[in-house]
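Chains as they are written, first to last, in the working numbering: chain A, 1073 to 1186; chain B, 55 to 168.
Think of the CB as a built atom: it goes at the ideal place given N, C-alpha and C, for glycine as much as any other residue.
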């Protein structure tokens, strides 16, 4: 059974810091991995999607990497801003799934202090 | 392009009462998902529709939860009777074409069962 774990559960940093959020998964046979952002009281917004054949994806100040063999992904946020404060979730799709179901981690809640 | 719409946004009920949630996916999206997100956890898939057919309902507590997607567009999720542990945010998402395409999430309905 695929399990997705995110560490730490919460993180507080001063504005301007570079930071890394971690995601690990137990079954390396994944189709893709996706990072989402969730603001309080809101739905999920997709940030980056990495296909299993890719090593990383970049969008602005965000960079996500994927190491399937070790079952790990990291989300790097450069020069953090208070507006980055949110909960960040990673999710994987298994190759074995014919439904494309997303399996989520529990999220990391980030607070960036001005 | 309008996003995924959900209503109501908030609902408070007593245990053993019934409740229904409504979702209107993005126009033309064939796949529709209902997720349950308990506080501090990642979303968990309850049911997935492809057009108006059920693709995956393996994690839907069928003794109390039901869902339908008439005419392959709008969907409703019902809980009858509700339990305290059903308190959660219920997220609806939709995706164009097949199940491996990117999912777009609605704002969710926050349910509190007293």
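When the beta-carbon positions are compared, residue 87/B and residue 1103/A stay at least 8 Å from each other.
Rounded to the nearest whole angstrom, the C-alpha separation of residue 1095/A and residue 83/B is 29 Å.
Residues are counted here when their Cβ sits less than 9 Å from a Cβ of chain B; for the segment 1155–1178 of chain A these are 1161, 1162, 1163, 1165, 1169, 1170, 1171, 1172, 1173, 1174, 1175, 1176, 1177, 1178, given in chain order.
Between the alpha carbons of residue 1138/A and residue 1158/A lies a distance of about 22 Å. Residue state for residue 122/B is assigned as strand, using DSSP reduced to three classes. Closest in alpha carbon position to residue 1125/A, among 1117/A, 1111/A, 1140/A, 1112/A, is 1140/A.
Under the DSSP assignment, residue 1160/A falls in the beta strand (DSSP E) whose first and last residues are 1158–1166. For residue 1185/A, the enclosing beta strand (DSSP E) covers residues 1180–1185. Under a 10 Å Cβ-count criterion, residue 64/B is classified as exposed, with fewer than 16 other Cβ atoms of the shown protein chains found around its own Cβ.
The alpha-carbon of residue 166/B is positioned some 37 Å away from that of residue 1133/A.
The criterion of a C-beta distance shorter than 8 Å is satisfied by residue 118/B and residue 133/B. Sequence-distant partners of residue 70/B (beyond 5 residues in either direction) whose C-beta falls short of 6 Å from its own C-beta, in its chain, are 135. Listed along the chain, the chain A residues whose CB falls inside 7 Å of the CB of residue 160/B are 1115. At least one beta carbon of chain B lies nearer than 8 Å to the beta carbon of residue 1118/A. Residue 1085/A and residue 141/B have their alpha carbons spaced roughly 31 Å apart.
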